[in-house]
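Q: For the sequence shown, this note's numbering gives the first residue as 11, with consecutive numbering after it. All residues carry an ideal CB built from backbone N, CA and C; glycine is no exception. Sharing a structure, written as structure tokens. Questions coming.
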Amino acid sequence: MKLYGYWRSSASYRVRIVLALKNIDYDYAAVNLLKGEHKTADYLAINPNGLAPTLVTDEGETIIQSLAIMEYLEDAFPEPSILPADAADRAQARAIAATIACEAQPFMNLRVQKFLKEEKLFDDSAMREWLNHFTGGAMAAAETLVRKTAGQYCVGDTPSLADCCLVPQWFGAGRFGVDVSKFTKLAEIYQRCIEHPAFEKAHPMNQPDAVK
Numbered sequence: 011m012k013l014y015g016y017w018r019s020s021a022s023y024r025v026r027i028v029l030a031l032k033n034i035d036y037d038y039a040a041v042n043l044l045k046g047e048h049k050t051a052d053y054l055a056i057n058p059n060g061l062a063p064t065l066v067t068d069e070g071e072t073i074i075q076s077l078a079i080m081e082y083l084e085d086a087f088p089e090p091s092i093l094p095a096d097a098a099d100r101a102q103a104r105a106i107a108a109t110i111a112c113e114a115q116p117f118m119n120l121r122v123q124k125f126l127k128e129e130k131l132f133d134d135s136a137m138r139e140w141l142n143h144f145t146g147g148a149m150a151a152a153e154t155l156v157r158k159t160a161g162q163y164c165v166g167d168t169p170s171l172a173d174c175c176l177v178p179q180w181f182g183a184g185r186f187g188v189d190v191s192k193f194t195k196l197a198e199i200y201q202r203c204i205e206h207p208a209f210e211k212a213h214p215m216n217q218p219d220a221v222k
């Protein structure tokens with residue numbers, strides 16, 4: 011397998027966690043978003059969205075979008091599972107993951123922030139306020155959901171799809187000044203996750219393209 015990603019990309023980080031949890035070997039191809047490598051013709055031929063990550067499977071299939079990649083890895087490599095056994099719990103894990111990946115993280119996306127700044131719509135202060143309203147609001151929703159489902163992790167006592175989305179989101183929130191002080195349950199789970207070897211392996215600073 012080959013994973014195209016960027017060390018600090020939240021979506022790439024999610025996929026790396028799943029690969030580590032499932033102990034799947036893969037080749038890594040760095041796509042430097044700051045240098046615009048995701049906009050080159052060669053990369054757009056692989057991923058028309060011009061986003062990271064992209065996974066090319068051993069069979070030569072190209073899969074884009076982090077949630078789709080994570081679901082593919084779960085289907086293709088079912089053990090250890092990143093979804094609970096119970097159908098309702100699986101749905102809850104997916105709901106928490108979607109709340110983070112679809113409602114919280116997109117507002118921190120590089121291309122979104124770059125557009126707002128280049129078009130002089132937001133200064134740094136306005137950007138922080140915007141992020142705390144939208145990203146912070148979605149994280150508040152995730153906090154409420156997790157309080158109903160958590161054991162040691164977001165849903166029960168085993169890392170799931172939800173935790174794979176939570177950890178990169180928490181890391182990104184710290185970078186962009188989102189106030190997470192009220193999200194005490196998420197903080198507790200995040201701390202437990204980052205002590206797990208798979209999450210540590212996937213951490214941005216442990217990637218070959220990381221800027222030290």
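(1) What does the alpha-carbon distance come out to for the pair Asp68 and Ala40?
(2) Mark Phe193 as exposed unless 16 or more other C-beta atoms lie within 10 angstroms of its C-beta, in which case mark it buried.
(3) Cα separation between Asn42 and His48?
(4) Take the Cβ of Arg157 as the centre, count every other Cβ of all protein chains shown within 10 Å, and call the residue buried at 16 or more, exposed below.
(5) Measuring only the C-alpha atoms, how far is Trp140 from Phe87?
(6) Look up Thr64 in the DSSP assignment and give the residues it is bridged to.
(7) Kindly indicate which residue of Ala212, Asp52, Val221 has the alpha-carbon position closest to the one of Asp35.
(8) Of all the options Gln179, Pro169, Thr168, which has the alpha carbon lying nearest to the alpha carbon of Ala150?
(9) Could I get the ranges of all uninterrupted alpha helix (DSSP H) runs contained in the segment 107-194, with 4 residues as the minimum, in chain order?
(10) Going along the chain, which residues of its own chain have a beta-carbon closer than 6 Å to the beta-carbon of Thr64, five neighbours each way excluded?
(11) With a CB to CB cut of under 8 Å and the five nearest residues on each side skipped, what residues in its chain are close to Leu196?
(12) What's the C-alpha gap between Pro16 and Ala30?
(13) List the DSSP bridge partners of Asp37.
(14) Looking at the unbroken alpha helix (DSSP H) that takes in Asp96, where does it start and where does it end?
(15) Which first and last residues belong to the alpha helix (DSSP H) in which Pro218 is found?
(16) Out of curiosity, what's the CA-to-CA distance linking Arg24 and Gly147?
(17) Would you mind sorting Glu128 into buried or exposed? The rule is 16 or more other CB atoms within 10 Å of its CB.
(18) Is it buried or exposed for Val122, if we count other Cβ within 10 angstroms and need 16 for buried?
A: Let's see:
(1) 18 Å
(2) buried
(3) 7 Å
(4) exposed
(5) 39 Å
(6) Tyr14, Ile74
(7) Ala212
(8) Gln179
(9) 120-128, 134-159, 171-186
(10) Tyr14, Ile56, Asn57, Ile74
(11) The residues are Met149, Ala152, Glu153, Val156, Leu176, Trp180, Val190.
(12) The sequence shown places Tyr at residue 16, not Pro. Distance between the alpha carbons of Tyr16 and Ala30 is about 16 Å.
(13) Per DSSP, Lys12.
(14) No alpha helix (DSSP H) holds Asp96; DSSP gives it neither H nor E.
(15) No alpha helix (DSSP H) holds Pro218; DSSP gives it neither H nor E.
(16) 21 Å
(17) That one is exposed.
(18) exposed
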